[in-house]
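Take a look at the structure below.
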Amino acid sequence: MDPTYSPEADTYRQKIQAFLSEHLPTDWKGIGALSGDARETFVDQWRSLLAENKLLAVSWPTEYGGAGLSEVERIVLAEEFAKAGVPEGNDNDAFSITMVGNAIIQCGSEEQKRHFLPRIISGVDKWCQGYSEPDSGSDLANLGTRAALDGDEWRINGQKVWTSSGHTANWIFVLCRTDPESPKHKGISFILVPMEQEGVEIRPIININKRHDFNEVFFSDAKAPKENVVGDVHDGWRVANVLLGFERGHGATTDAIRFREELDRVSLIAQDNGVAEDPNMRQDLARAHSKVEIMRWMGQRAVTEALAGNPPGPESSLHKLIWSEYHNWFTEKTMHILGAEAMAPSGHGAVNGIGTDAIGAQFSSKSWVQTMLGARPGTIYAGTSEVQRNIVGDRVLGLPREPRADSGPWNEIGKK
Ligand SMILES: Cc1cc2nc3c(=O)[nH]c(=O)nc-3n(C[C@H](O)[C@H](O)[C@H](O)COP(=O)(O)OP(=O)(O)OC[C@H]3O[C@@H](n4cnc5c(N)ncnc54)[C@H](O)[C@@H]3O)c2cc1C
98 MDPTYSPEAD TYRQKIQAFL SEHLPTDWKG IGALSGDARE TFVDQWRSLL
148 AENKLLAVSW PTEYGGAGLS EVERIVLAEE FAKAGVPEGN DNDAFSITMV
198 GNAIIQCGSE EQKRHFLPRI ISGVDKWCQG YSEPDSGSDL ANLGTRAALD
248 GDEWRINGQK VWTSSGHTAN WIFVLCRTDP ESPKHKGISF ILVPMEQEGV
298 EIRPIININK RHDFNEVFFS DAKAPKENVV GDVHDGWRVA NVLLGFERGH
348 GATTDAIRFR EELDRVSLIA QDNGVAEDPN MRQDLARAHS KVEIMRWMGQ
398 RAVTEALAGN PPGPESSLHK LIWSEYHNWF TEKTMHILGA EAMAPSGHGA
448 VNGIGTDAIG AQFSSKSWVQ TMLGARPGTI YAGTSEVQRN IVGDRVLGLP
498 REPRADSGPW NEIGKK
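Just remember that my numbering sits 97 ahead of the position in the sequence shown, which is counted from 1.
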C-alpha cells in the first residue's frame, strides 16, 4: 500500500518545495507563529500569491482557471503545505474549492464551470454551505427550505443553520425542496444563491469557544437565476452526496501530518511535567501513536486510490469517523496532562477554531483547552459518527440497510 509517486509527481514536489523556500521567510515556523492581524494579512497575501502562481485548485482544468494537473499533484501540494504549516487558501476555500467547485466540475453545466470556477480562484466569490436546518441534520433529506420558479428566477423561503463562514461568504449553495409531492430524496434541488440581496439574512451563532464561526441564514423570497441549479432540477440529492464525498475525504492524505505534529508536542509536555512516567499515560500516548499511524496508512490508501484515478467515495466516511473520534479522545487526554492548569487556563487562545491548532502556535494552557473544546464538534459536522457508521455499514461493507421510519421496511409495515 506504500504508494509510489510517479517521477512527474516527484518533480512537482520539488517545484512546490522550491516555491515554499522562495516565498516563506527563512525563520518560518508555521502560520500559528503569527499573531492575529499579521496572520490575517499573511493569509490574504498568501492566497493571492497562490492564485497568481496557479497553486489553488491545481487539479481543475486550465480553461476554468486550474493548473490542469491530476489529483496526485493536488495531494503532493497539500502534503508539502501541511508539513510547512502554510494554508492552502482562506477559511471559505474549504467550501469554495473543495466542496462546491469540485461538485460543479463533476455535476455542473459547461456555463456554470466557465462562470463560477474562475471567480472562485480569483477570490471574487466566497462560498458557504446551506445544508442543515433546525429539523434536518442527520436526516438531511427532510429539509423544508422551499424553492419555486417565478418566471426566470427561483424564489427561496426557509432557514439554514450552523452555516460555517457564512458571514465571510457572498454565495451559498442551498439544498431546496423543489417538488414537495415526490418522495423526500427525489424532490430536492442544489441551487447556487447570491447572499448579497435583501431576501437573505445572516445571524451569528457564538460557539463554546466564544468564537463566531457559524451562523443562521434566513431566506425570505430570496432570488436566484433559473439556471443556477447544479445537476437537474429535483436531482439535488445526488449532487449533495457527491459534494459530501469531497468534504469528508479531503484531508485523508494530510491529516496524519497535523495529528503527528500535535502528538509530538503533547508528548514533550508530558515528559516535561513528569506525567509521561505514569504507566496509564504511557499507554494512552502509545495508543495515540498507533491511531496516528493508522491515519497515515489510511492516507496512503487514499493516495493509492488517487493514483489509480478513483475519486473519493463512501470510504471517506471511515476517515472522517477515525480522525474525529481520535481527536475527541486525545484532546481530553491533553487535559489530564495539563492537570490543574486545565481548570484555570491562561495565555493566548487557539489559532484554529476546530481541528488541531495551527502548526507553529506557541503552547498556552488556554490554547490546549480551546483545542479540546474545538474537537467536540468534529464528531458532528460533515455528518455525525453514527451517520458515518451507517454509511460504512451500508455502502462500504454492504451490510443490510438500517430500517427507516419513512422509506424502509418500517414504512412498508406501516402501509399494510
Ligand atoms: C462546527 C459545526 C459546523 C457546521 N457547519 C455546517 C455548515 O457549514 N453547513 C451546514 O449545512 N451544516 C453545518 N453543520 C451542521 C451539521 O452538519 C449537523 O449538525 C449534523 O449533520 C448533525 O445534525 P443535527 O445537529 O441536526 O443533529 P441530529 O441529526 O438531530 O442528531 C442528533 C443525534 O442523533 C443521532 N442520530 C441521528 N440520526 C441517527 C441514525 N439514523 N442512527 C443513529 N443515530 C442517529 C446523531 O448521531 C446525533 O447524535 C455544522 C455543525 C457543526 C457542529
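Backbone N, C-alpha and C define an ideal beta-carbon position, used for all residues, glycine too.
Fair warning: this is a prediction, and the values are worked out from it, not measured in the lab.
What does residue i pair with, by DSSP beta-bridge criteria?
{"i": "Met204", "result": "It should be pointed out that residue 204 corresponds to Cys in this sequence rather than to Met. None, per the DSSP bridge assignment."}
{"i": "Phe192", "result": "Bridge partners of Phe192: none, in fact."}
{"i": "Asp332", "result": "Ile285"}
{"i": "Phe311", "result": "Ile302"}
{"i": "Lys126", "result": "Lys126 pairs with nothing; no bridge assigned."}
{"i": "Leu246", "result": "Trp251"}
{"i": "Lys323", "result": "Looking at the DSSP assignment, Lys323 forms no beta bridge with any residue, so it has no partner."}
{"i": "Ser317", "result": "Asn254"}
{"i": "Ser443", "result": "Looking at the DSSP assignment, Ser443 forms no beta bridge with any residue, so it has no partner."}
Hey, could you find the ends of the beta strand (DSSP E) residue i is sitting in?
{"i": "Pro301", "result": "297 to 302"}
{"i": "Gly227", "result": "224 to 227"}
{"i": "Ser482", "result": "Taken as a continuous stretch (DSSP letters only), Ser482 belongs to no beta strand (DSSP E), being part of the alpha helix (DSSP H) at 482 to 488."}
{"i": "Asn425", "result": "That residue, Asn425, is in no beta strand (DSSP E); its alpha helix (DSSP H) goes 413 to 435."}
To the nearest angstrom, report how far apart residue i and residue j are at their CA atoms.
{"i": "Arg136", "j": "Tyr228", "result": "30 Å"}
{"i": "Ser262", "j": "Glu438", "result": "31 Å"}
{"i": "Ala405", "j": "Leu166", "result": "14 Å"}
{"i": "Ala238", "j": "Ile285", "result": "8 Å"}
{"i": "Trp352", "j": "Arg393", "result": "Before going on, a small fix: residue 352 reads as Asp here, not Trp. So the two alpha carbons sit approximately 8 Å from each other."}
{"i": "Thr514", "j": "Gly186", "result": "Residue 514 lies beyond the stretch modelled for the chain, which goes from 98 to 513, so this question has no answer here."}
{"i": "Gly328", "j": "Val297", "result": "23 Å"}
{"i": "Ala266", "j": "Asn312", "result": "11 Å"}
{"i": "Val466", "j": "Pro442", "result": "7 Å"}
{"i": "Glu509", "j": "Val493", "result": "Because the pLDDT of Glu509 is 39, which lies under 50, any placement of that residue in the model is unreliable, and the question is left without a value."}
{"i": "Arg355", "j": "Tyr423", "result": "13 Å"}
{"i": "Lys151", "j": "Ser464", "result": "34 Å"}
{"i": "Ser219", "j": "Asp310", "result": "23 Å"}
{"i": "Asp134", "j": "Gly446", "result": "14 Å"}
{"i": "Phe315", "j": "Arg243", "result": "12 Å"}
{"i": "Gly505", "j": "Asn407", "result": "Its pLDDT being 43, under 50, Gly505 is placed unreliably by the model, and the measurement read from it follows with that caveat. Between Gly505 and Asn407, the C-alpha separation is close to 31 Å."}
{"i": "Leu174", "j": "Gly205", "result": "26 Å"}
{"i": "Gly511", "j": "Pro497", "result": "With a pLDDT of 34 at Gly511, under the threshold of 50, the predicted position of this residue should be treated as unreliable, though the coordinate-derived value follows. Approximately 20 Å between the Cα atoms of the pair."}
{"i": "Ala200", "j": "Gly162", "result": "16 Å"}
{"i": "Met440", "j": "Asp276", "result": "52 Å"}
{"i": "His120", "j": "Asp369", "result": "35 Å"}
{"i": "Ile253", "j": "Ile299", "result": "15 Å"}
{"i": "Val183", "j": "Ala349", "result": "17 Å"}
{"i": "Gly241", "j": "Thr401", "result": "40 Å"}
{"i": "Gly515", "j": "Thr428", "result": "No statement about residue 515 is possible, as the shown extent of the chain runs from 98 to 513 and does not include it."}
{"i": "Leu147", "j": "Leu153", "result": "6 Å"}
{"i": "Arg110", "j": "Thr101", "result": "13 Å"}
{"i": "Val448", "j": "Gly129", "result": "6 Å"}
{"i": "Phe139", "j": "Asp190", "result": "15 Å"}
{"i": "Met378", "j": "Pro500", "result": "41 Å"}
{"i": "Pro215", "j": "Gly436", "result": "50 Å"}
{"i": "Trp143", "j": "Phe116", "result": "12 Å"}
{"i": "Ser317", "j": "Asp236", "result": "23 Å"}
{"i": "Asn325", "j": "Leu341", "result": "19 Å"}
{"i": "Arg308", "j": "Glu105", "result": "43 Å"}
{"i": "Ser462", "j": "Ser145", "result": "34 Å"}
For the alpha helix (DSSP H) that residue i lies in, which residues bound it at each end?
{"i": "Gly396", "result": "376 to 404"}
{"i": "Asp352", "result": "352 to 369"}
{"i": "Glu499", "result": "Element bounds for Glu499: n/a, residue is neither H nor E."}
{"i": "Val140", "result": "133 to 149"}
{"i": "Gln459", "result": "It is not in any alpha helix (DSSP H) - Gln459 carries neither H nor E in the DSSP assignment."}
{"i": "Pro104", "result": "104 to 120"}
{"i": "Val173", "result": "168 to 181"}
Of all Cβ atoms in chain D, is any one closer than 7 Å to the Cβ of residue i?
{"i": "Gln368", "result": "Here chain D cannot be found, since the structure has a single protein chain."}
Using 8 Å as the threshold, is the segment 377 to 385 in touch with the segment 200 to 211, meaning 3 or more CB pairs across them?
No: the two stretches stay apart, fewer than three of their Cβ pairs being nearer than 8 Å.
Are the segment 325 to 336 and the segment 458 to 478 in contact at 8 Å, needing three or more beta carbon pairs?
Judged by Cβ distances under 8 Å, the segment 325 to 336 makes no contact with the segment 458 to 478, as fewer than three pairs qualify.
The segment 475 to 483 in contact with the segment 414 to 422 per 3-pair CB rule at 8 Å:
Flag = yes, the segment 475 to 483 and the segment 414 to 422 touch.
Taking 8 Å as the cut-off, does the segment 445 to 464 touch the segment 121 to 130 (at least 3 CB pairs, one atom from each stretch)?
Three or more pairs of CB atoms, one per stretch, sit closer than 8 Å, so the segment 121 to 130 contacts the segment 445 to 464.
I want to know whether the segment 170 to 179 touches the segment 253 to 272 - three or more CB-CB distances under 8 Å.
In short, these stretches do not touch, since the Cβ pair count stays below three.
Secondary structure, beta strand (DSSP E): runs of 3+ residues fully inside the segment 248 to 308
Here the runs fully enclosed are 250 to 258, 268 to 274, 285 to 291, 297 to 302.
Okay, do the segment 295 to 310 and the segment 152 to 162 touch, 3+ Cβ pairs below 8 Å being the bar?
With a cut-off of 8 Å, the segment 152 to 162 and the segment 295 to 310 do not count as touching, because too few Cβ pairs lie within range.
Closer than 8 Å is the cut-off here; do at least three beta carbon pairs connect the segment 267 to 284 with the segment 215 to 230?
With a cut-off of 8 Å, the segment 215 to 230 and the segment 267 to 284 count as touching, because enough Cβ pairs lie within range.
Between the segment 239 to 250 and the segment 189 to 205, can you find at least three pairs of beta-carbon atoms closer than 8 Å?
Contact annotation: the segment 189 to 205 does not touch the segment 239 to 250, with fewer than three C-beta pairs closer than 8 Å.
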